[in-house]
Amino acid sequence: MAAAAEVSADDLKVFLQEAEGLLELLDEDLVRLEQESDNEELLQEIFRAAHTLKGSSGMLGFDGMAHLTHAMEDLLDRVRKGTLAITPELVDALLMSLDGLKILKNALTEEGEGESIDTGPIVDALNAAAAGGAAPEAASTQPALQTVVAGDEDLRSKIDEASGEGHTVLHLKVRIEESSDWKAVRCFQVLNELDDCGRVLGSVPSQSEIEQEQVTGLLEVLLATDLEIPDVQARAEQLEEVTGVEAAAFDPTAVPEPPAETEAPADAPAAAPAEGADQRTQIAASAQKVEALQTTVRIDVEQLDALMNMVGELVIDRTRVSQLSRLLQGRFKEDEYVGALAETSTHIAKVVDELHESMMAVRMLPVGLLFSKFPRLVRDLARSLDRQVTLAVEGEDTEIDRSVIEKIKDPLVHLIRNSVDHGIEPAEDRVAAGKPEASILKLTASHEQGQIVISIEDDGRGIDTEKVVASAIKKGQISQEAAERLSHREKLELIFAPGLSTAAKTTEVSGRGVGMDIVRRDIESLNGRVEVESEVGVGTTFKLRLPLTLATFRGLLVSSGGTTYAIPLTYVQETIRPEQEQLRTVSGRPVMSLRGSVMSLIWLNESLQLGTSAEQARSDDPYVVVVRASESETDRPVAIAVDELVDQQEIVVKSLSGFLGRARGIAGASILGDGQVVLILDVPSMIKASQARDTDQPATAAGNVVELDASVAPRGDLDSNEPSAADEAPEAERMAS
């Protein structure tokens, strides 16, 4: 797709950013239009987006995009005027055009590698959809500029202000070639060029009228400038399709007196304000809008990530400076320089904390940026499966770290596709079950206790847990005996087993038994959790519990075998120092009893296989951190034995080098203020590994907890509700409780 020769790399970059936003807007709004056909404001928003894209692409010489958006604009204009009804076929044509625009946009990027399409068939489809009626010509008469000034007190004030500042106020009449198909575009070009010569105070037609293509071959402009008249004329005359420019100093005496205000009779309705009045007021402030735009800056994501990384380094150094300051104060309390250092350290800590918070705010994006892509997905899936599905979205303004948004897209897509294909019944089945033909698929986001919770809820057939269990038994993932002991929640958890599917047949959408295990793996890799609730005949709800950011987290530092580790506090339930009789071994598996319950015990060094023997890895007097992967009933607590509890601290996450591969039980690394490297534990994978080791013991189907005979351990440890000695441990030993 050829571009105008004068288009610079920066111009292209700005255009692509603008086009991306407009295309996302159209993607979401066109699907809404099918459901809200009487929403005039929505239709107007779609028309403006198409019109803006047409003008921008036309100015830069991207004729394919301009031609296609022009055809879309014609069709939308007929809908606006009521000569065409909104039908699924019409929306199909518009969405096909949108897909074509996306391809043309991608062709302008490096990734596009010049890929393009023939827009002719798409334009033909649009013209065929619009063939139902012809649009009458819009009214083209415009008031004279002097009349507009007379009726606009704010504009008169701006003229007086500009004159008082010593600027010359010019009245320009710019004539545009009558045969031009781009009069509105040329008007915008003139306004932009003149704004570089000074300050545009107002125009006839106004900017809003230009956007609606309510233009003629004449554009009148009021300009405050310090340039000479010939220089201003020359700047405007150089523009394409401008046939003449008249310029003279604005004559206030030529402005007619404002019409006297008369009181309307009491029994007469008040006259509606002139349609152009609000538009003129809006455009009179156009210069202020330009200034507002200049206060925003676009930066590359790579630069933002690099800046965040440097802020993370500052957080680490802030901690080190604070530690050194406290150390020196302890040794040299009376030294005045040490006191000054303490004050400086406190100030630096405050500034770095504020900088860190500001950077985190910059990284936060509304989750609606991701949700906006799903109405089209649901609509296309529903049509391909001949089902009626309405997507209801709530909480689009909920903010989450950009890096988290990027990583949850694929899991969400998979869950939505499964809901539409497996969860939601065909219309005839819903009617037979006493349900409405149209199903509601609800996608919501909210903040809960420092996490973001995203739920996907459908009112479909629900998950038949008996079929799930039968499939798991057939695939050898669980024994018949173990299946009989499963609770309803534990049966639901089986859907996350690799390769499990209850679909009678596979489709292009789903049914191959792959994906749900990957969904859980991807979410847990973000230190998140997946929960599922379902009732046959009522529906299914999936909940994703995610951290707000992947850059930092609050962690508990522990030491084991001379190495320091960080455990995310979101997994920690409590810390204790157990009595020896609470630590037992059953059939070769370590367990711990706590307040009448029994849980699997992980000796950290032994679990990570750090080269020590089992005896060396097990301390005689360990601390225990009780962790849990989620609040689900099927996720029982697990105890991790360590040598020492060190501290709670804000942890700055550093990814492990690709040369190291995936280290077992390790999710990443961090650096403390003193330069010490700490490893971040992958708690979910450690819990799963513990459960896998216990599967050869008498256990629940999910292998979550070993079932002990009462004779294995002292009865008081297993059955008594009385607090143990560990429950009375000093508060310092309960750092994360």
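With the working numbering as the guide, the letters of the sequence shown map in order to residues 408 to 1144.
Think of the CB as a built atom: it goes at the ideal place given N, C-alpha and C, for glycine as much as any other residue.
Going by the beta-carbon positions, is the gap between arginine 593 and serine 587 smaller than 8 angstroms?
Result yes, Cβ atoms of arginine 593 and serine 587 sit closer than 8 angstroms.
Collapsed DSSP secondary structure at alanine 1120 in the structure displayed:
At alanine 1120, the pLDDT of 33 sits below 50, so the modelled position is not reliable; the number obtained from the coordinates is stated separately. Here alanine 1120 sits in coil by DSSP.
Selection from Ile902, His854, Lys849 and Glu496 that minimises the alpha carbon distance to glycine 946:
Comparing C-alpha distances from glycine 946 to each of Ile902, His854, Lys849 and Glu496 shows the shortest one belongs to Lys849.
Does DSSP classify phenylalanine 949 as helix, strand or coil?
It is a strand residue.
Could you check whether proline 954 and valine 811 sit closer than 8 angstroms to each other, using their CB atoms as the reference points?
Taking 8 angstroms as the cut-off, the Cβ atoms of valine 811 and proline 954 count as close.
Buried/exposed call for lysine 590, threshold 16 Cβ in 10 Å:
Lysine 590 is buried by the Cβ-count criterion.
Suppose you measure from the CA of glutamine 887 to the CA of histidine 895; what does that come to, to the nearest Å?
Cα-Cα distance, rounded: 15 angstroms.
Of the residues Lys780, Asn934, Gly737 and Glu720, the one placed nearest histidine 763, counting alpha carbons only
For histidine 763, the nearest C-alpha among the options comes from Glu720.
Less than 8 angstroms between the C-beta atoms of alanine 457 and leucine 483, yes or no?
Note that the C-beta distance between alanine 457 and leucine 483 is below 8 angstroms.
Straight-line CA distance for alanine 1108 to valine 876?
Note that alanine 1108 scores 31 on pLDDT, short of 50, meaning its location in the model is unreliable and no value can be drawn from it.
I need the straight-line Cα distance from alanine 904 to aspartate 924, nearest angstrom please.
Answer to the nearest angstrom: the Cα atoms are 6 angstroms apart.
Could you round the C-beta distance between valine 827 and leucine 788 to whole angstroms and report it? I think they count as a contact, below 8 angstroms.
Contact holds; Cβ gap of about 5 angstroms.
Can you look up aspartate 866 in the DSSP assignment and give me helix, strand or coil?
Three-state result, aspartate 866: coil.
Assuming alanine 1076 and aspartate 1089 make a contact with CB atoms under 8 angstroms, what is their CB distance in whole Å?
Not quite, the Cβ-Cβ distance comes to about 12 angstroms (not below 8 angstroms), so this is no contact.
When DSSP labels each residue in this structure, what does glycine 605 get in the three-state scheme?
Judged by DSSP in its simplified three-state form, glycine 605 adopts strand.
What does the Cβ neighbour count give for glycine 571, buried or exposed, with the cut at 16 atoms within 10 Å?
Result: exposed.
Whether glycine 468 touches valine 421 by CB criterion (8 angstroms)
For glycine 468 and valine 421, no; Cβs fall outside 8 angstroms.
Reference valine 722; option with closest CA among Thr753, Gly462 and Glu844:
The shortest C-alpha separation from valine 722 is found at Thr753.
Rounding to the nearest angstrom, what Cα-Cα distance links aspartate 470 and valine 649 in this structure?
If you draw a straight line from the Cα of aspartate 470 to the Cα of valine 649, it is about 20 angstroms long.
Could you compute how far the alpha carbon of alanine 889 sits from the alpha carbon of arginine 1071?
If you draw a straight line from the Cα of alanine 889 to the Cα of arginine 1071, it comes to about 28 angstroms.
Methionine 479 and serine 504 closer than 8 angstroms at C-beta:
Contact: yes.
Of the choices Ala631, Gly935, Thr872 and Asn934, whose alpha-carbon is the least far from that of leucine 907?
Closest in C-alpha terms to leucine 907, from the list Ala631, Gly935, Thr872 and Asn934, comes Thr872.
For glutamate 835, three-class secondary structure by DSSP:
Glutamate 835 falls in the helix class under three-state DSSP.
Keeping to the same chain, check which residues put their C-beta closer than 6 angstroms to that of glutamate 435; ignore five residues upstream and five downstream.
Annotation for glutamate 435: Ser779 and Pro782 place their beta carbon closer than 6 angstroms to its own, counting only its chain and skipping 5 residues before and after.
Candidates Leu502, Met717, Glu452 and Gly1082: closest to isoleucine 529 by CA position:
Comparing Cα-Cα distances from isoleucine 529 to each of Leu502, Met717, Glu452 and Gly1082, the minimum goes to Leu502.
DSSP-derived helix/strand/coil call for glycine 651:
Glycine 651 falls in the strand class under three-state DSSP.
Quick one: give me the first and last residue of the beta strand (DSSP E) that serine 1000 is part of.
That run of the beta strand (DSSP E) goes 996-1001.
Reference isoleucine 815, options Val998, Gln736 and Arg936, closest by Cα
When each option's Cα is compared against that of isoleucine 815, the closest is Arg936.
Beta-bridge pairing of valine 993 - partner residues as DSSP gives them
Partner(s): Arg996.
Here's the rule: buried if 16 or more other CB atoms are within 10 angstroms of the residue's CB, otherwise exposed. What is leucine 460?
A buried status is given to leucine 460, since no fewer than 16 other beta-carbon atoms sit within 10 Å of its beta-carbon.
Cross-strand partners of leucine 974 (DSSP beta bridge):
The residue you asked about is not leucine; residue 974 is isoleucine in the sequence shown. Answer is Leu963, bridged to isoleucine 974.
Taking 8 angstroms as the threshold (C-beta atoms), are alanine 656 and threonine 575 in contact?
Their beta carbons are under 8 angstroms apart, which means threonine 575 touches alanine 656 by this criterion.
Under 8 angstroms between the Cβ atoms of leucine 579 and alanine 643?
Yes, Cβ-Cβ distance for leucine 579 and alanine 643 is below 8 angstroms.
Contacting residues, own chain, Cβ-Cβ under 7 angstroms from serine 853 (five flanking each side not counted)
Apart from the 5 residues on each side of it in sequence, serine 853 sits with its Cβ closer than 7 angstroms to the Cβ of Gly802, Thr805 and Val860 in its chain, given in chain order.
In or out: glutamate 427 buried (at least 16 other Cβ within 10 Å) or exposed?
By the Cβ neighbour-count rule, glutamate 427 is exposed, with fewer than 16 other Cβ atoms within 10 Å of its own.
Verify whether the separation of the beta carbon atoms of arginine 1043 and glutamine 980 is less than 8 angstroms.
Taking 8 angstroms as the cut-off, the beta carbon of arginine 1043 is found no closer than this to the beta carbon of glutamine 980.
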